[in-house]
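Chains as they are written, first to last, in my numbering: chain A, 1 to 676; chain B, 1001 to 1147.
Rendered as structure tokens:
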């Protein structure tokens, strides 16, 4: 019964989306306030309908209603409650429902909080959102109905994929979707602006908070996913340049570029058509990512069961959305006049360089991800290749170097016309820190990869440069502490947010360098009681015990770790066997300090009689790896801090009352404007 | 600097960046393309020794044995077979009778040494290449482990 309600409201949501896609757009074209206002109500109603549908599906999972096909396929009565709930989005149908729900919630947020938006812009934004929503709700209803029934109802389900039964992965998809789908806001604002034929500073100010929110969520989502891969897959790695990972990383790269270029639109009324294009591209990458993950056209290390027929539907949505948006852009963009002039050496110039490098990086990732598809299509299915990490390391890495070098410099530049000499003087501490880091790293690990000290230098450059810029803003050490403290409290939160986010990246570079340059690995077979030495440690398999969890049985290995004869820790690693899915998963034993992770897993028990009491043991020392997620956390915190800035409140900024064209408007900030 | 000059500068810098990126990509593509072979493909056009490639097929029933931390197994597309070995902890989804994709090199003795065995999230999943390979060798039964 409840599932039927879900089915019904899902169809209602489709109808509401159709109305919302047409009526406000028409109203905006004719200037009729009544028609435009329809969008607000349908947006809220659509979000409510989808919430009810989602709740109905959740009810099915929580009560283990196996007459629902996807509950039967993805749940089991013995599963812990957390995974019954996360099972809702741990499958194709449910995760698409979550996708449209997030989209509808964003639309409803515009309807509720966007009171200060000009009515025509708001109506058009809501229309575009509804068009996307309509396409994906139709996709759900026609190809992936979550409410399909089974008759007769089976007695029990087949269980959720055990790898997904993990707290980290339970929250990874919702966060990721809030980011992915959140970029639809920037897209809808861009299309609405193209229809209106008007982009100004106020527009930039409206787009920024949405982009920032989506970016923050996406950063958190990607970090959570890579953390999960690290401790759950048991390979000790955290990023594999896998198509599914790239699918979330490409929107992040474009989104980061968009975040920066929208600042230029807001502050300087320049780079307008470029920002519009970026907004279109960012969301296009979100759509492309959805397509890659959901269609299974690419063989991925992380591939889930997928269905090519569904891919065709998403491909059609993709073609219409991207094709339509780019056509509209081609028609309208030439009419947009660029605003504020700036010298190449200026804050704007630095942000343009940031955009070029980020776009280029995203393009190489896109190329590497799609290359196997292109080659297979060109060769008629004869040549099948995959593009592995070496490609991405050789292309993406070098592009990041100038980007990070510039990141320390950019915030020191003044708007409009910067002074390279003054800026470089402020970077002297950063240069010293970088040289120190290179030297110390080289002395500490002389036999590591030759590039590693330079990567550490890069991180120190960015970290010290960011702190120096921040210190300069609050006059740290150049003025009395009371003055500094007063200036600190007077700092706009968005400026502090930027400093934190940049600092987060510096921290992350340290982690990436450490874990990829100096990782050591030990693989061997041990019987309980045996010890092996390697990687600077003595590893003893103390015991292997058997036991039962809620829906699995396990073998738990106790690994005793000693360093130079001194006891370090005993870590526990499990191999869990889930009988319902007939599948085994690994829980790594990890001992983390700020400087490194000790990481141990046990593998299979030997198959022959002689080896029946021996287990494969894999032990890693991953130096500095916690810094990766620490950095991500700092970046997310920076995003949140910036988002809490009063000036970013949605709807707070007003367009100039009489709305004269605002080209060449002087910047709203005094010249050495606080960095954002 | 006039607007025209500035635009020229932007165009020049972008072209320069694009050019260097293209050079990076071309340089990297050569070394890092990993081709996919089935056991039958290898019989028709052998892969050069020491070249990294991906081998896909099914793990033959009853073929898995271990020596220390090294696992030996036979990869089959039900027409031809290749003996493969892997040292280390196999992914949890590695099992006899199931699809497998392994990345590694082939020795002069025709043995495949895997550097990495790709894990899949789902036991019902069949790598697309493996499904295609089985179709090609005429051993694919539609409706069986299709997802």
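Every residue gets a Cβ at the ideal spot worked out from N, C-alpha and C, and that includes glycine.
With C-beta atoms as the reference, is residue i less than 7 Å away from residue j?
| i | j | result |
| --- | --- | --- |
| residue 207 of chain A | residue 272 of chain A | no |
| residue 218 of chain A | residue 252 of chain A | yes |
| residue 448 of chain A | residue 535 of chain A | no |
| residue 1061 of chain B | residue 1074 of chain B | no |
| residue 621 of chain A | residue 520 of chain A | yes |
| residue 1057 of chain B | residue 1077 of chain B | yes |
| residue 119 of chain A | residue 36 of chain A | yes |
| residue 137 of chain A | residue 14 of chain A | yes |
| residue 522 of chain A | residue 530 of chain A | no |
| residue 16 of chain A | residue 46 of chain A | yes |
| residue 147 of chain A | residue 3 of chain A | yes |
| residue 423 of chain A | residue 409 of chain A | yes |
Work out the CA separation of residue j and residue i for me, nearest whole Å.
| i | j | result |
| --- | --- | --- |
| residue 505 of chain A | residue 567 of chain A | 35 Å |
| residue 135 of chain A | residue 287 of chain A | 12 Å |
| residue 186 of chain A | residue 395 of chain A | 28 Å |
| residue 38 of chain A | residue 106 of chain A | 17 Å |
| residue 651 of chain A | residue 591 of chain A | With a pLDDT of only 45 at residue 651 of chain A, under 50, the local geometry of the prediction cannot be trusted, and no value is derived from it. |
| residue 310 of chain A | residue 398 of chain A | 37 Å |
| residue 325 of chain A | residue 131 of chain A | 12 Å |
| residue 372 of chain A | residue 245 of chain A | 16 Å |
| residue 605 of chain A | residue 556 of chain A | 12 Å |
| residue 156 of chain A | residue 66 of chain A | 6 Å |
| residue 239 of chain A | residue 637 of chain A | 22 Å |
| residue 377 of chain A | residue 1043 of chain B | 24 Å |
| residue 1041 of chain B | residue 1100 of chain B | 16 Å |
| residue 1082 of chain B | residue 1009 of chain B | 57 Å |
| residue 1121 of chain B | residue 161 of chain A | Bear in mind that the predicted position of residue 1121 of chain B carries a pLDDT of just 49, short of 50, making it unreliable; the figure below should be weighed with that in mind. Their Cα atoms are separated by approximately 7 Å. |
| residue 1 of chain A | residue 54 of chain A | 14 Å |
| residue 1035 of chain B | residue 1103 of chain B | 9 Å |
| residue 692 of chain A | residue 275 of chain A | This structure cannot settle anything about residue 692 of chain A, because the visible part of chain A is limited to 1 through 676. |
| residue 79 of chain A | residue 550 of chain A | 7 Å |
| residue 301 of chain A | residue 634 of chain A | The pLDDT assigned to residue 301 of chain A is 46, lower than 50, so where the model puts this residue is not dependable; a value taken from the coordinates is nonetheless given after this. C-alpha separation (whole angstroms): 29 Å. |
| residue 545 of chain A | residue 442 of chain A | 44 Å |
| residue 1054 of chain B | residue 1094 of chain B | 16 Å |
| residue 450 of chain A | residue 428 of chain A | 25 Å |
| residue 1052 of chain B | residue 389 of chain A | 13 Å |
| residue 515 of chain A | residue 615 of chain A | 26 Å |
What three-state label does DSSP hand residue i in the structure shown?
| i | result |
| --- | --- |
| residue 518 of chain A | coil |
| residue 1 of chain A | coil |
| residue 1050 of chain B | coil |
| residue 197 of chain A | coil |
| residue 622 of chain A | strand |
| residue 535 of chain A | coil |
| residue 231 of chain A | helix |
| residue 40 of chain A | helix |
| residue 180 of chain A | helix |
| residue 254 of chain A | helix |
| residue 249 of chain A | helix |
| residue 1033 of chain B | strand |
| residue 21 of chain A | helix |
| residue 474 of chain A | coil |
| residue 413 of chain A | coil |
| residue 681 of chain A | Lying outside 1 to 676, the shown extent of chain A, residue 681 of chain A is not represented and no answer is given. |
| residue 597 of chain A | strand |
| residue 290 of chain A | helix |
| residue 14 of chain A | helix |
| residue 1155 of chain B | Absent from the model: residue 1155 of chain B. The displayed extent of chain B is 1001 to 1147, so no value can be given. |
| residue 651 of chain A | The predicted position of residue 651 of chain A is uncertain, since its pLDDT is 45 and thus under 50; a value taken from the coordinates is nonetheless stated next. Coil. |
(message) Threshold first: 4 residues or longer. Then list the alpha helix (DSSP H) segments lying entirely within the segment 305 to 365 of chain A, N to C.
(response) 308 to 332
(request) Could you please tell me which residues of the segment 1008 to 1032 of chain B, in chain order, have their CB closer than 9 Å to any CB of chain A? (result) 1009, 1010, 1013, 1014, 1017, 1018, 1020, 1021, 1024, 1025, 1027, 1028, 1029, 1031 and 1032
(message) In chain order, what are the residue ranges of uninterrupted alpha helix (DSSP H) at least 4 long that sit wholly in the segment 383 to 409 of chain A?
(response) 389 to 409
(request) At 4 residues or longer, and completely inside the segment 1072 to 1114 of chain B: list those alpha helix (DSSP H) runs for me, N to C. (result) none
(request) Quick one: which residues of the segment 1076 to 1087 of chain B get their C-beta closer than 9 Å to a C-beta of chain A? List them in chain order. (result) 1087
(message) Along the segment 248 to 269 of chain A, where does the CB come closer than 9 Å to a CB of chain B? Name the residues.
(response) none
(request) Return the chain-ordered ranges of every beta strand (DSSP E) run that is complete within the segment 75 to 115 of chain A and spans a minimum of 3 residues. (result) none
(request) Anything in the segment 612 to 625 of chain A with a Cβ closer than 9 Å to a Cβ of chain B? List those residues in chain order, please. (result) 614, 616, 617 and 618
(message) Any C-beta of chain B within less than 9 Å: which residues of the segment 162 to 196 of chain A qualify?
(response) 162, 163 and 164
(message) For the segment 505 to 539 of chain A, list every residue whose C-beta sits within 7 Å of some C-beta in chain B, in sequence order.
(response) Residues are counted here when their Cβ sits less than 7 Å from a Cβ of chain B; for the segment 505 to 539 of chain A these are 523, 524 and 525, given in chain order.
(request) Quick one: which residues of the segment 331 to 347 of chain A get their C-beta closer than 8 Å to a C-beta of chain B? List them in chain order. (result) 341, 343 and 344
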